[in-house]
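Since the structure comes first, as C-alpha coordinates, the remarks are kept for the end.
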Amino acid sequence: MARDYFIFRDLLDQSVAPVQNQWYLPEPANLMGKQKADGSWKYGESGSPLVPDQNYALLETYQHLHVLVEMYGLTREHPAIERAAGFIFTCQTIGMELHRSLCENRRKVEDRP
(Lines of atoms letter the chains of each structure in order from A and count residues from 1; the text may use other names and numbers.)
(Lines give C-alpha, C1' and ligand atoms only; values in the text may rest on other atoms or scores of the structure.)
Protein backbone atom coordinates (compact mmCIF):
# COMPACT_ATOMS: atom_id res chain seq x y z
CA MET A 1 0.00 0.00 0.00
CA ALA A 2 1.32 3.44 -0.91
CA ARG A 3 0.67 4.92 2.53
CA ASP A 4 2.78 2.23 4.19
CA TYR A 5 5.66 2.97 1.85
CA PHE A 6 5.85 6.60 2.96
CA ILE A 7 5.35 5.71 6.64
CA PHE A 8 8.29 3.31 6.55
CA ARG A 9 10.46 5.67 4.51
CA ASP A 10 9.67 9.06 6.04
CA LEU A 11 8.51 8.39 9.60
CA LEU A 12 10.31 5.21 10.56
CA ASP A 13 13.42 5.93 8.46
CA GLN A 14 13.49 2.36 7.20
CA SER A 15 14.97 1.17 3.95
CA VAL A 16 12.34 0.70 1.24
CA ALA A 17 12.21 -0.25 -2.42
CA PRO A 18 12.47 2.56 -4.98
CA VAL A 19 9.44 4.87 -5.10
CA GLN A 20 8.91 3.86 -8.73
CA ASN A 21 7.42 0.60 -7.44
CA GLN A 22 4.45 2.65 -6.16
CA TRP A 23 3.76 3.91 -9.67
CA TYR A 24 2.46 0.53 -10.83
CA LEU A 25 0.03 -0.22 -8.02
CA PRO A 26 -3.55 -0.82 -9.22
CA GLU A 27 -4.88 2.53 -7.99
CA PRO A 28 -2.48 4.84 -9.85
CA ALA A 29 -2.54 2.54 -12.88
CA ASN A 30 -6.33 2.81 -12.99
CA LEU A 31 -6.17 6.59 -12.63
CA MET A 32 -3.52 6.94 -15.33
CA GLY A 33 -5.55 4.67 -17.60
CA LYS A 34 -8.27 7.33 -17.66
CA GLN A 35 -5.92 10.10 -18.74
CA LYS A 36 -6.71 11.54 -22.16
CA ALA A 37 -4.09 11.84 -24.91
CA ASP A 38 -3.73 15.59 -24.30
CA GLY A 39 -2.74 14.90 -20.67
CA SER A 40 -6.06 15.89 -19.12
CA TRP A 41 -8.74 13.95 -17.30
CA LYS A 42 -12.44 14.25 -18.00
CA TYR A 43 -14.59 15.73 -15.23
CA GLY A 44 -17.51 13.57 -14.19
CA GLU A 45 -19.53 11.14 -16.23
CA SER A 46 -22.37 13.31 -17.54
CA GLY A 47 -20.32 15.14 -20.13
CA SER A 48 -22.31 18.34 -19.69
CA PRO A 49 -20.79 21.10 -17.55
CA LEU A 50 -22.52 22.08 -14.33
CA VAL A 51 -21.37 25.68 -14.65
CA PRO A 52 -20.97 27.04 -18.19
CA ASP A 53 -17.61 28.39 -19.35
CA GLN A 54 -15.57 26.57 -16.72
CA ASN A 55 -12.52 24.53 -17.50
CA TYR A 56 -13.51 21.34 -15.71
CA ALA A 57 -10.71 19.40 -17.38
CA LEU A 58 -8.18 21.74 -15.75
CA LEU A 59 -9.69 21.19 -12.31
CA GLU A 60 -9.88 17.43 -12.73
CA THR A 61 -6.34 17.22 -14.11
CA TYR A 62 -4.95 19.30 -11.27
CA GLN A 63 -6.72 17.07 -8.75
CA HIS A 64 -5.45 13.82 -10.31
CA LEU A 65 -1.94 15.23 -10.67
CA HIS A 66 -1.98 16.04 -6.97
CA VAL A 67 -3.05 12.49 -6.07
CA LEU A 68 -0.44 10.86 -8.29
CA VAL A 69 2.39 13.02 -6.96
CA GLU A 70 1.45 13.17 -3.28
CA MET A 71 0.01 9.69 -2.73
CA TYR A 72 2.07 7.59 -5.11
CA GLY A 73 5.28 9.59 -5.48
CA LEU A 74 5.15 9.99 -9.24
CA THR A 75 7.64 12.50 -10.62
CA ARG A 76 8.21 14.19 -13.95
CA GLU A 77 10.08 11.03 -14.96
CA HIS A 78 6.69 9.38 -15.52
CA PRO A 79 5.05 10.17 -18.90
CA ALA A 80 1.61 10.65 -17.29
CA ILE A 81 2.95 13.45 -15.10
CA GLU A 82 4.73 15.05 -18.03
CA ARG A 83 1.52 14.99 -20.09
CA ALA A 84 -0.60 16.33 -17.21
CA ALA A 85 1.82 19.18 -16.57
CA GLY A 86 1.87 19.97 -20.28
CA PHE A 87 -1.92 20.17 -20.34
CA ILE A 88 -2.02 22.41 -17.26
CA PHE A 89 0.51 24.79 -18.80
CA THR A 90 -1.63 25.09 -21.93
CA CYS A 91 -4.34 26.54 -19.66
CA GLN A 92 -2.04 29.22 -18.31
CA THR A 93 -2.99 32.76 -19.29
CA ILE A 94 -0.64 35.18 -21.00
CA GLY A 95 -0.20 36.91 -17.64
CA MET A 96 1.01 33.59 -16.19
CA GLU A 97 -2.02 33.45 -13.91
CA LEU A 98 -2.50 29.70 -13.68
CA HIS A 99 -3.09 29.74 -9.93
CA ARG A 100 -5.74 32.43 -10.26
CA SER A 101 -7.44 30.49 -13.05
CA LEU A 102 -7.54 27.33 -10.93
CA CYS A 103 -8.90 29.19 -7.91
CA GLU A 104 -11.58 30.98 -9.91
CA ASN A 105 -12.69 27.77 -11.61
CA ARG A 106 -12.85 25.89 -8.32
CA ARG A 107 -14.73 28.70 -6.56
CA LYS A 108 -17.35 28.93 -9.30
CA VAL A 109 -17.87 25.18 -9.32
CA GLU A 110 -18.11 24.96 -5.53
CA ASP A 111 -20.50 27.95 -5.33
CA ARG A 112 -22.98 26.50 -7.80
CA PRO A 113 -26.53 26.06 -6.50
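The working numbering puts the first residue of the sequence shown at 3, with every later residue one more than the last.
Glycine included, every Cβ here is placed at the ideal spot set by N, Cα and C.
Remember, it's a predicted structure, so these values are computed and weren't measured experimentally.
Give me the Cα-Cα distance between residue i and residue j, rounded to the nearest whole angstrom.
i: residue 84; j: residue 34; result: 12 Å
i: residue 70; j: residue 32; result: 11 Å
i: residue 24; j: residue 86; result: 18 Å
i: residue 11; j: residue 75; result: 12 Å
i: residue 42; j: residue 56; result: 14 Å
i: residue 40; j: residue 60; result: 11 Å
Going by C-alpha to C-alpha distance, which of the options sits closest to residue i?
i: residue 63; options: 76, 90, 79; result: 90
i: residue 79; options: 43, 21, 16; result: 21
i: residue 68; options: 30, 92, 6, 94; result: 30
Would a C-beta distance cut-off of 8 Å place residue i and residue j closer than the cut-off?
i: residue 45; j: residue 58; result: yes
i: residue 73; j: residue 19; result: no
For residue i, count neighbouring C-beta atoms within 10 Å of its own C-beta (all shown protein chains included) and say buried if the count is 16 or more, exposed if not.
i: residue 88; result: exposed
i: residue 65; result: exposed
i: residue 17; result: exposed
i: residue 13; result: exposed
For the alpha helix (DSSP H) holding residue i, just list the boundary residues, first then last.
i: residue 56; result: Segment: none, residue 56 is in no alpha helix (DSSP H) and carries neither H nor E.
i: residue 32; result: 28-35
i: residue 86; result: 81-92
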